Structure formats: structure tokens, C-alpha cells
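*Asks:*
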Amino acid sequence: MRNKSGIFMVGCLGFIGLLVLIAIITAAVVWGQRGTAIALDEQIKSQHVANKSNYDNMWKRFKEMAQVTDMQADDIKKVYTDLIAGRYTDTQVLFKVVQEQNPHMSKDLYTKLQNEISSTRTEFDRNQKKIADQVREYNTHIRKHVLMNAIFHFQMMDAEKFIITSDRTSDAYQTGKDNEVKLR
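Each residue of the sequence shown is one higher than the last, beginning at 195 in this note's numbering.
#1: The alpha helix (DSSP H) that contains Ser313, what's its start and end?
#2: Determine the closest residue to Glu310 out of Ala221, Asp352 and Met252, with distance taken between C-alpha atoms.
#3: Short of 6 Å in beta carbon distance, which residues of its chain neighbour Phe346, apart from the five on each side in sequence? Order them along the chain.
#4: Is Lys376 helix, strand or coil by DSSP?
#5: Considering only the alpha carbon of each residue, which of Lys257, Asn321 and Ile219 lies closest to Ile357?
#6: What do you get for His202, buried or exposed, if any count of 16 or more other CB atoms within 10 angstroms of its CB means buried?
#7: Need the endpoints of the alpha helix (DSSP H) that Thr359 sits in, please.
#8: Smallest Cα separation from Phe256: which of Asp352, Thr220 and Leu307?
#9: For the putative contact between Val273 and Leu303, defined by C-beta atoms under 8 Å, what is the C-beta separation to the nearest angstrom?
#10: Can you give me the Cβ contacts of Val233 inside the same chain, cut-off strictly under 7 Å, excluding the 5 residues immediately before and after it?
#11: Return the chain-ordered list of same chain residues with a C-beta closer than 7 Å to the C-beta of Tyr249, the five sequence neighbours on each side being excluded.
#12: Quick one: grab the DSSP three-state call for Tyr249.
#13: For Leu341, which residues from the same chain have a beta carbon less than 7 Å from its beta carbon, with the 5 sequence-adjacent residues on both sides left out?
#14: Run through DSSP, which three-state label would Phe348 get?
#15: Quick check: what's the CA-CA separation for Gln328 versus Thr363?
#16: For Ile216 and Ile210, I'd like the C-alpha separation in whole angstroms.
#17: According to DSSP, is Lys371 helix, strand or coil?
#18: Could you tell me if Lys349 is buried or exposed, where buried requires 16 or more neighbouring beta carbons within 10 angstroms of its beta carbon?
#19: Can you grab the Cα-Cα spacing for the pair His335 / Glu236, in whole Å?
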């Protein structure tokens, strides 16, 4: 009898040990899944801050470049105003006008501004898509790992909260309609 009792005890201890081992492995897996969810959450927050910085930098660059073209236009306007005013006071102005090199406004600044707008808007669009993809990855992770989420209660994120858009885009998505762009 003792022998059967001893075997039964060893069997019970083995079973309990197996349950403890399963519990430890499960806890380690769930803890690892939690770590992944936290890392994804922090990645989204970091990307959102980076997007804000990118957006701010983009608009500052546009404004600064536009100021340069405004300054150039003002300078040319001043030069031409002085030239025209001088023509009325100087009788020899006709000969000077023929010989002088009149200033001109370079189209290069406008081309550079157009290129800058295009490239920075493209970069910002890539960053917007990146954060939307990160939110998708986070939401997928917490939905796939039900046990981990039941324990730690992670909340789904709404990618719309991280995306910058325009009234035109919002209206088009609300109505399901949009019109062609009229440049003039």
C-alpha cells in the first residue's frame, strides 16, 4: 500500500510541477506580449511627436521661402520705381535705359518653392501613413492576444486621432463626393 501511496504522491507532485511550469511559461509569454504592446504604443507616441515636428518644420520652411520671394519682389519694385522716377528727372534717361541692365525676378525661387512644397508634403504623407500602419499593428497585436489584453486591458487606438487632414478631405469622406480641382 505504501508503494502505491508513494507513487500516487509522486504523480501528484509531478502533475503540480507540470501545472506550475505551464503557469510560468504562460506568464512569460503573456508578459512578453505585454512588452510588445507597450513598445508599439511608445513607437506610435514617438512617431506622432515626430509628425508634429515635421509638420511644423514644413510650414516654417514654406513661409521662410515665400518671404525670400516677397523680399525679392519688393526689392525689384523699389528698383523699378526709382528707375521710372529717375527717367522723368533726367533728360538723358533714354540712353541710360538702352545701356543699363534692368533687374529681373528669377523664376528659380518659385521653382524651388514648388519643389520644396512637393517634397515636404510627400515626406509628411509618408509619415502619416507610417503612424497609421503602426496603429494598425498595435491594434492587431492587442486583438490577437486575448489573454494578455484581458489581464492588462489595453485600449484600441483610433488612427484618425493621429492623422492631419483638411476640411475638403473630411467633407469628401462624409459625403462620399468630391469635385475636380479648379486651379483658376
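Positions of the beta carbon are idealized from the N, C-alpha and C atoms, including for glycine.
Quantities reported herein were computed from a predicted structural model and do not represent experimental measurements.
*Replies:* Reading off the structure:
#1: Asp302 to Lys338
#2: Met252
#3: Arg228
#4: coil
#5: Asn321
#6: In the sequence under discussion, the amino acid at residue 202 is Phe, which differs from the His named in the question. That one is exposed.
#7: No alpha helix (DSSP H) contains Thr359, which DSSP labels as neither H nor E.
#8: Leu307
#9: Not a contact, Cβ separation roughly 16 Å.
#10: Contrary to the premise, residue 233 reads as Ala rather than Val in this sequence. Nothing meets the Cβ criterion.
#11: Phe318 and Ile358
#12: helix
#13: Val224
#14: coil
#15: 22 Å
#16: 10 Å
#17: coil
#18: Looking at the sequence shown, residue 349 is not Lys but Gln. Exposed is the call here.
#19: 14 Å
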